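In this note's numbering, the protein residues as written are 2 to 554.
Ideal Cβ positions, reconstructed from N, Cα and C, are used throughout, including at glycine.
Every value quoted in this text rests on a predicted model; they were computed, and no experiment measured them.
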Amino acid sequence: MEIMHKSLLTNGVNPHAVEARLRQRLLSLNITLAHLDRSRGPRIGESGQLIDHLIIESSLFRKLTNHHWPNLVQAHGTAISMWPGLWLIPLPSKHGEKNHRDQDPFWVAVLYTDALLHCEQLHQVCERQGHDYHAIVQQIDPTCLISEAQLKSTASMITWLHQDANELTIQSTQIQTMSSELHTLHEELSLLHKLSTHFPVSQPPDVFLSQTCEDLLQVMRLSWTAVQLVEDEPRLNELSGRIFIAGSAGCDNQLLQHIGRQLIAMEHRTHDPMLVDDTNQVDIKHLPQVAKTLLAVPLMRENKLFGILFGGDKTDGSAVSTIGTPLCTSMAAGLSIYLENTMLYDDMHALFLGTLHALTSSVDAKDTYTHGHSERVALIGRMLAEAAGLDDHMIERVYLSGLVHDVGKIGVPETVLSKTGPLTTEEFYLIKQHPIIGTRILADIPQMHDLIPGVQFHHERWDGNGYPEGRRGYDIPLFGRILCLADSFDAMSSDRGYRQSLDLNGVCHNIAQCKGTQFDPDLADIFLQMELQPYHDLVKVQYRAARQERMSA
Ligand SMILES: [Fe+2]
């Protein structure tokens, strides 16, 4: 309500609207109106009968209204006589004052009484304009004539009509102002709500930041908006130092980025919203090339600066003012929370991945012959998931499942894992337990539940001759069928204690041979079409790392 009150004071009531409303009311009551203008002369209003034209357009009427001008200007709610039977009631000033300004034209209501029919002045007017007096008198509508006694009440009625018209116009203005401000508030609240619903890192940061700039641009009606992020915050990762822009600043992004960096340097000192306009002399290089006025709000969280939200020039050409500061500050607070959430999410993800890698390294370390195996299976699994058309989330989960697919080997004795000769029945039984042990390990970690199918079923075969359950065909979950192929490919491509590795052609030949027996035939076909260079690159990296490790040991 405070905002509305302020706007009414600023806007006021439109005097032309009041005057027009009053004239409309009087015309509907068949009251003739005349517009008095000292320089141009009187003229009749929107309608009028012949008698009205004769009188108002006569030189006598002009002469008399000029003569009585001082009285007419001063009159308020009273009738002034021009000649017998002819009265004028000045309508209220369009400036809302009781009296009219000296030379300003204004409207009068023209009233006739019975005395008009017998006055000398009407004779004179008819004669000068070539009309027959008696014929004119015959044409006068008797209902247009009022008694002298009604003059006072008619003048009062006009005053009340003016008050009503004024009141109606005030209310109409209030409703329009409220409606406009409610619309703006609704837009701002919708924007803030939209922003808050995206806090839980529900979309990629670059999409979110670009969209937020776009939304702010629309609501604030700015020519352009931008978010410039600081360069000295390593936790921002790939977002560090980047700029996101909506609208057009009429320059290349580098120039806007240069301005953003200068603003960040200033915000490091002030930490406050900043309005740059004609009233202050802020020295920002190249600013005149992109905006006359600019609003900048820091992205702060616990006294730490992440970046700056800034925008320039209104689309309607008006100056950017502090009115938009609260909205921009709320937006900046929301963006800061979002960025912090993003950083926390990245931290957690990095910690999660680090834990998985540590886990797989400890598993691989137990088995001398499978060094780096889990990493390679994860990579092949991811490549196969991509080639099979899985979405990004599933591809990532297949990768993670590949990393931990053999985690159950932690529960298998090293002597069995490292044995070079043939396994006894009992030893093979122990080996076959690792998918079950792995499943039990991951069952206690809710965040890894969706990785379990790859761990539990990567030794199942399409023909049902695998382990631990002997599932067949599509009863084997997709992650199990993908990792079965990835695991077998790496096993065949690597030296093991009990046999030498096969070359790539040999491996691919075996996979083609085992389509529909060991492997899902569709996945095998996709696999055989895949470009395997990333796998060979990883093998090289692992080989160099292992050699380095041996040399430094
Ligand atoms: Fe395995």
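T288 versus K315: straight-line alpha-carbon distance, rounded | Reading off the sequence shown, one finds Leu at residue 288, where the question assumed Thr. Approximately 15 Å, taken between the alpha carbons.
Hey, would you say the C-beta of D491 is under 6 Å away from at least one heavy atom of ligand 1?
-> Every heavy atom of ligand 1 is 6 Å or more from the Cβ of D491, so no.
Considering only residues of the segment 189-236, which uninterrupted alpha helix (DSSP H) runs meet the minimum length of 4 residues and lie entirely inside it, listed in chain order?
-> 206-221, all fully within the segment 189-236.
For Y544, name the three-state secondary structure that DSSP assigns.
-> helix
In whole angstroms, what separates the C-alpha of W70 from that of S40?
-> 12 Å
Would you say the beta carbon of D365 comes nearer than 6 Å to a heavy atom of ligand 1?
-> no
Closer than 6 Å: D407 CB and nearest ligand 1 heavy atom = yes
Please work out which residues of its chain come closer than 8 Å, Cβ to Cβ, to L443, disregarding the five sequence neighbours upstream and downstream, and give them in chain order.
-> The residues are V405, V408, M449, H450, L452, I453, V456.
State yes or no: is the C-beta of T174 within less than 7 Å of the C-beta of V19?
-> no
Three-state secondary structure (DSSP) of A292 | A292 falls in the coil class under three-state DSSP.
Just the Cα atoms here: how many angstroms apart are Q177 and C252?
-> 38 Å
Using a Cβ-Cβ cut-off of 8 Å (strictly less than) and excluding sequence neighbours within five positions of A80, which residues of its own chain qualify?
-> W88, L89, I90, L112, L152, K153, T155, A156
Below 7 Å between beta carbons: does that hold for L529 and C515?
-> no
Can you list, in chain order, the stretches of the alpha helix (DSSP H) that have 4 or more residues and sit fully within the segment 407-481?
-> 415-418, 426-433, 435-444, 453-458
Give, in chain order, every unbroken run of the alpha helix (DSSP H) that is at least 4 residues long and sits entirely within the segment 481-540.
-> As far as the segment 481-540 is concerned, its whole alpha helix (DSSP H) runs of at least 4 residues are 505-514, 522-529.
State the Cα-Cα distance for the pair T11 and A320, rounded to the nearest angstrom.
-> Per-residue confidence for T11 stands at a pLDDT of 39, beneath the threshold of 50, marking its modelled position as unreliable; no derived number is given.
Where T144 sits in the DSSP three-state scheme = helix
May I have the straight-line CA-CA distance separating M267 from L360, to the nearest angstrom?
-> 46 Å
Within this structure, are the beta carbons of D365 and H372 separated by less than 7 Å?
-> yes
Helix, strand or coil for S157, going by three-state DSSP, please let me know.
-> helix
Do the segment 255-264 and the segment 337-353 touch if we need at least three Cβ pairs shorter than 8 Å?
-> no
Run of the beta strand (DSSP E) containing L37, from where it starts to where it stops | 33-37
Output the boundary residues of the alpha helix (DSSP H) element that contains P327.
-> 326-367
Between T66 and D53, what straight-line distance do the alpha-carbon atoms span, to the nearest angstrom?
-> 15 Å
Tell whether a beta-carbon distance below 7 Å holds between F245 and V228.
-> yes
Alpha carbon to alpha carbon, what distance is there between L223 and I45?
-> 48 Å
Closest residue to R129 among V109, Y430, L61 (Cα-Cα distance) = L61
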